[in-house]
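This report concerns only the one structure given below.
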Amino acid sequence: VFDLSDNLPYKAMALFDRFLSSTKKFKSKKYQMVACACFLIATKCSMSKRTITENNLAFCADNTFRASHIIAAEEVILRTLDWKLACPGILDFVN
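Quick note on numbering: the sequence shown equals residues -1 to 93 in the working numbering.
See the structure below:
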């Protein structure tokens, strides 16, 4: 359905892991929303043509949250990580 790069899930998980390790308090109810926001950030950073949107991710999550919540989570993640998004993944070394 979505034409995504093979490296994208690894970059999203790296962002998710870095965010969780730098956050003291975090509600487990919001894991899925934060994971979607990390996936969206990874998509924006690694793809020239954006094929997935906030609305797509909210739909894939069975509309348990809105696209606006993903955007708000994206902002929190970016501020928490001080906009430091570059982290090499395993496929960066293989390629």
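Glycine included, every Cβ here is placed at the ideal spot set by N, Cα and C.
In this structure, the alpha-carbon of T51 lies about 18 Å from that of N5. Setting aside the 5 residues that flank it on each side, V32 is surrounded in the same chain by A71, each with a C-beta closer than 6 Å to its C-beta; the list follows chain order.
For the set L18, I69 and S44, the Cα lying nearest the Cα of L55 is the one of I69. The alpha-carbon of D60 is positioned some 11 Å away from that of Q30. Just measuring C-alpha positions, the residue of C34, K47, K22 and C58 sitting nearest H67 is C34. If you compare the alpha carbons of R48, L2 and E73 with that of F17, the shortest gap goes to E73.
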